[in-house]
Amino acid sequence: MVFGHRNCAVFGCHNSGKKLEKWASQQCEVHDCLHGTPPCDCPLPFKLFPFPTERKNNEGRKRWIHLLKRKGPKGEVWQPNNSSRVCNEHFVDGKPTKENPDPVLKMGYETKSTRNRKPPTDRSSLLEEMKRLRTQDNTQDNTQDNIQDDTQDNAHDSQDAPVIQEPSSSSFITEEEHCTTAGRPDHITHDHAYSFGWYNLEDPDFCMKEKCLQERLKQFNEIKDLKEKLKNLKEETSKKTPNKFGPKRALSEKDEFLLTLMKLRLGSTNADLAQRFGISTTNVTNVVTTWVKILASELKCLVYNPSIDVVKATLPAKFKKPGYSNVRHIIDCTEIFIETPSDPNLRAATWSDYKHHNTAKLLVSITPHGFFNFLSKAWGGRTSDVHLTRESSFYDIIEPGDEVMADRGFTIAEDLLIRSSRLHIPPGKRGQEQFTKAEVAKTKEIANLRIFVEQAIRRLKTFRLIKHELPISLLGSIDNIVLICAAL
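Right, here's the structure in full:
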């Protein structure tokens, strides 16, 4: 979409065509495509309306100019140009209508109400008040001793009497405050008194516990041999001084594990995680980088190519129809939005004409049951699907007799034929004006089966770190990040 250099002429309003172009270049969270491109039908964040023309509505044009109350550089009445607009935020009905044709809202020149100054204090009344307070202090000091004597004399008599205790201010704790403070370890320092950690998930009084999936927590606790491998995380040594330990880590292993999972699933910023866990953003970066390597090393065994017997045993009913019972791999390429690199060569290598954004592209393969059995290394978004498939190690897992299902763009039938394998892709037109009935039927069949890989990619993108724009600082770990997301 091209919106030009249009700007809202109202003083203090920053809505412009440049903002709309930026919005159109961003990913739509609802439809998983660029804003304004099919199937996205989301409305524009705002609209820009031109001034009435002198020929059609000169009076309306003058009213708009008068309501804006802008002046030129020499103090003359400001005149709009071809790029001058007024956005919908300044109209009562959201646009010029017959009932409300002129902009009157948020015009940028509303007068600020000034508070009236307090009247001068009466000095004589102030002196009298100070004298009165002094006399009260003296009487309180005199009566305090009498009260203490009386309480000592009556202490024995009041033992059997019911005690009515006034509620202190600390007893007025709301249920929400109780949920966030109960069960907190006593060793937490004052700086981290309001931090978030693994103990919150184990606390029976914690508010979020009812919303958490307890079975998932059991799975986290059953990660075998991981604690033994994390012994060196608490106190790291340096190569220059191997006998000297570095500073203690700010979080426990469980809290670091939880922080990394929150980074992957929620895509939280480092500043947000630092505030939640009571650490610095530098520590967040170090924790995520370290744990991504560890988790990728531990979970890579979950992304593997099962044997043909296992694939046959778990074959869905849709694939048992004649012609597709030997399908072992369903492949497709997916792209992950990345932050725009500063290097011009990297910008060119990662630019995707399909997504109109800088992306990282990788090849994924699933079994007919929906299980990830192959993930390629990430390439620049400029790379074609065929080139990525050939340069990846996907052909290494192909065995004679395997059948691969792909989209029409994967013209790799000859490559698979050399390996005694077969390719299933929708038929092309081949110069014809339209498909035959048989070709239409085959296209529908393959589309109904290929939807499994699209669903798998959609599940992969539920991890918001790779659903939205990946920071350039994590680009070096993108292969490990995708592997972890696919395994989880």
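Quick note on the UniProt record's numbering: the sequence shown kicks off at 1 and runs consecutively.
Beta carbons: idealized from backbone N, C-alpha and C, even for Gly.
(1) What first and last residue would you give for the beta strand (DSSP E) that runs through Asn358?
(2) Hey, is the stretch 287-306 in contact with the stretch 342-351, meaning 3+ C-beta pairs nearer than 8 angstroms?
(3) Going by alpha carbons, who is nearest to residue 491 out of His468, Pro471, Asp32 and Leu449?
(4) Can you give the Cα-Cα distance for Arg61 and Gly380, rounded to whole angstroms?
(5) In chain order, what residues of the same chain have a beta carbon less than 7 angstroms from the beta carbon of Leu423, not counting five sequence neighbours either side?
(6) Is the closest heavy atom of the ligand SAM to the C-beta of Ser365 under 7 angstroms?
(7) From Leu20 to His14, what distance separates their C-alpha atoms?
(8) Apart from the five residues on each side of it in sequence, which residues of its chain come closer than 6 angstroms, Cβ to Cβ, to Ser365?
(9) Please check if any C-beta of chain C sits within less than 8 angstroms of the C-beta of Gln27.
(10) Which runs of the beta strand (DSSP E) fall wholly inside the stretch 379-414 and span at least 3 residues, in chain order?
(11) Determine, using beta carbons only, whether Glu339 and Leu470 come nearer to each other than 8 angstroms.
(12) With a cut-off of 8 angstroms on the beta carbons, I'd call Phe46 and Val86 a contact; round off their distance for me.
(13) Among the candidates Val287, Cys28 and Arg390, whose CA atom is the shortest distance from the CA of Leu474?
(14) Which whole runs of the beta strand (DSSP E) in the stretch 417-481 are 3 residues long or more, in chain order?
(15) Decide if Glu59 is buried, meaning its Cβ has at least 16 other Cβ atoms within 10 Å, or exposed.
(16) What residues in its chain sit with their C-beta under 8 angstroms from that of Gln455, if we drop five residues either side in the sequence?
(17) Using three-state DSSP, classify Asp332 as helix, strand or coil.
(18) Do you know whose CA, among Phe463, Pro101, Ile446 and Ala9, lies nearest Lys69's CA?
(19) Who are the near neighbours of Tyr109 in its chain, counting only those whose CB is closer than 7 angstroms to its CB and skipping five residues on each side?
(20) Mind checking which residues open and close the beta strand (DSSP E) that includes Leu315?
(21) I need the straight-line Cα distance from residue 537 to Asn358, nearest angstrom please.
(22) Here's the rule I'm using: 16 or more other beta-carbon atoms within 10 Å means buried, otherwise exposed. How should Leu483 be labelled?
(23) Apart from the five residues just before and just after His356, which ones in its own chain have a Cβ nearer than 7 angstroms to its Cβ?
(24) So if DSSP puts Gln27 in a beta bridge, which residue, or which two residues, is it bridged to?
(25) Where in the UniProt domain "THAP-type" (24-106) do unbroken runs of the beta strand (DSSP E), each at least 3 residues long, occur, reported from the N-terminal end onward?
(26) Going by DSSP in three states, Phe257 sits in which element: helix, strand or coil?
(27) Where do the N-terminal and C-terminal ends of the beta strand (DSSP E) with Leu375 fall, by residue?
(28) Under the DSSP definition of a beta bridge, which residues are partnered with Asn7?
(29) Quickly, what does DSSP pair Phe337 with across the bridge? List them, please.
(30) By the three-class DSSP mapping on this structure, what secondary structure does Ser297 have?
(31) Does the beta-carbon of Glu433 have 16 or more other beta-carbons within 10 angstroms, so that it is buried, or is it exposed?
(32) By how many angstroms is the C-alpha of Lys444 removed from the C-alpha of Asp102?
(33) Give the C-beta separation of Pro368 and Pro316 to the nearest angstrom, bearing in mind that I take them to be a contact with Cβ-Cβ under 8 angstroms.
(34) Roughly how many whole angstroms lie between the Cα atoms of Ala271 and Val440?
(35) Taking Cβ to Cβ, would you say Phe337 is nearer than 8 angstroms to His468?
(36) Looking only at its chain, what residues have a beta carbon closer than 7 angstroms to the beta carbon of Asp385, apart from the 5 residues adjacent to it on each side?
Reading it off the structure:
(1) Within the sequence shown, numbered from 1, the residue matching residue 358 stands at position 358. Per DSSP, Asn358 belongs to the beta strand (DSSP E) from His357 to Ile366.
(2) The stretch 287-306 vs the stretch 342-351: no contact.
(3) Summary: the structure shown does not reach residue 491, with the chain confined to residues 1 through 488, and so no result is reported for it.
(4) By 1-based counting over the sequence shown, the position of residue 61 is 61. By 1-based counting over the sequence shown, the position of residue 380 is 380. C-alpha separation (whole angstroms): 51 angstroms.
(5) Position 423 of the sequence shown holds residue 423. Spatial neighbours of Leu423 in its own chain (CB-CB distance under 7 angstroms, excluding positions within 5 residues in sequence) are listed in chain order as Val404, Ala406, Ile412, Ala413 and Leu416.
(6) As for the ligand SAM, it is missing from this structure, which has no ligand bound.
(7) Your numbering for residue 20 matches position 20 in the sequence shown. Your numbering for residue 14 matches position 14 in the sequence shown. Computed Cα separation, rounded: 11 angstroms.
(8) Translated into positions along the sequence shown, residue 365 becomes position 365. Here the set comprises His329, Ile331, Asn373 and Phe374.
(9) No chain C is present in this structure, which holds just one protein chain.
(10) Correct list: 403-405.
(11) Walking along the sequence shown from the start, residue 339 turns up at place 339. Walking along the sequence shown from the start, residue 470 turns up at place 470. Yes; because the gap between Cβ atoms is below 8 angstroms, this pair is in contact.
(12) Start at 1 with the first residue of the sequence shown, and residue 46 comes out as number 46. Start at 1 with the first residue of the sequence shown, and residue 86 comes out as number 86. About 11 angstroms; that fails the 8 angstroms criterion.
(13) Locating residue 474 in the sequence shown gives position 474, counting from the first residue. Among Val287, Cys28 and Arg390, the Cα nearest to that of Leu474 belongs to Val287.
(14) Within the stretch 417-481, the complete beta strand (DSSP E) runs of at least 3 residues are 422-424.
(15) Residue 59 sits at position 59 when you count from the first residue of the sequence shown. When all chains shown are included, Glu59 counts as exposed.
(16) What you label residue 455 is simply residue 455 of the sequence shown in a count that begins at 1. Cβ neighbours of Gln455 beyond the five flanking positions: Gly370.
(17) For the purposes of this step, residue 332 is taken as the residue at position 332 of the sequence shown. Residue state, collapsed to three classes: strand.
(18) Taking the first residue of the sequence shown as position 1, residue 69 is located at position 69. Closest option to Lys69, Cα to Cα, is Ala9.
(19) Taking the first residue of the sequence shown as position 1, residue 109 is located at position 109. Phe11 and Lys69, listed in sequence order.
(20) Taking the first residue of the sequence shown as 1, we reach residue 315 at position 315. Element bounds for Leu315: n/a, residue is neither H nor E.
(21) With the chain covering only 1 through 488, there is no way to say anything about residue 537.
(22) As a working mapping, residue 483 is identified with position 483 in the sequence shown. With 16 or more neighbouring CB atoms inside 10 Å of its own CB, Leu483 falls in the buried class.
(23) Here the question's residue 356 lines up with position 356 in the sequence shown. Here the set comprises Ser25 and Leu34.
(24) Taking the sequence shown and counting its residues from 1, the one referred to as residue 27 is at position 27. Within the DSSP secondary-structure output, Gln27 pairs in a beta bridge with Leu34.
(25) For secondary structure counted as the beta strand (DSSP E) over 3 or more consecutive residues, the UniProt domain "THAP-type" (24-106) holds these complete runs in sequence order: 48-50 and 84-87.
(26) Within the sequence shown, residue 257 is the residue found at index 257, counting from 1. Here DSSP, grouped into helix, strand and coil, assigns Phe257 to helix.
(27) Counted from its first residue, the sequence shown places residue 375 at position 375. Run containing Leu375: Phe372 to Leu375, per the beta strand (DSSP E) assignment.
(28) Counting from one through the sequence shown, the residue named residue 7 turns up at place 7. Asn7 has Ser16 and Ser84 as its beta-bridge partners, per DSSP.
(29) Residue mapping note: residue 337 aligns to position 337 of the sequence shown, counting from 1. DSSP lists Thr359 as partners of Phe337.
(30) Position 297 of the sequence shown, counting from 1, holds the residue named residue 297. DSSP places Ser297 in helix when its eight states are reduced to three.
(31) As a first step, residue 433 must be located in the sequence shown, where it is residue number 433. With fewer than 16 other Cβ atoms within 10 Å, it is exposed.
(32) Here residue 102 is taken as the residue at index 102 of the sequence shown, counted from 1. Here residue 444 is taken as the residue at index 444 of the sequence shown, counted from 1. Taking the CA atoms as reference points, Asp102 sits about 54 angstroms from Lys444.
(33) Mapped onto the sequence shown, residue 368 falls at position 368. Mapped onto the sequence shown, residue 316 falls at position 316. Distance from Pro368 to Pro316 at the Cβ level is roughly 6 angstroms; contact confirmed, criterion being Cβ atoms closer than 8 angstroms.
(34) Here residue 271 corresponds to residue number 271 of the sequence shown, with the count starting at 1. Here residue 440 corresponds to residue number 440 of the sequence shown, with the count starting at 1. For Ala271 and Val440, the gap between their C-alpha atoms comes out near 52 angstroms.
(35) Here residue 337 refers to the residue found at position 337 when the sequence shown is read from its first residue. Here residue 468 refers to the residue found at position 468 when the sequence shown is read from its first residue. Taking 8 angstroms as the Cβ cut-off, Phe337 and His468 qualify as a contacting pair.
(36) Here residue 385 corresponds to residue number 385 of the sequence shown, with the count starting at 1. By the criterion of a C-beta distance shorter than 7 angstroms, Asp385 is surrounded in its chain by Cys333, Gly409 and Phe410, once the five residues flanking it on both sides are discounted.
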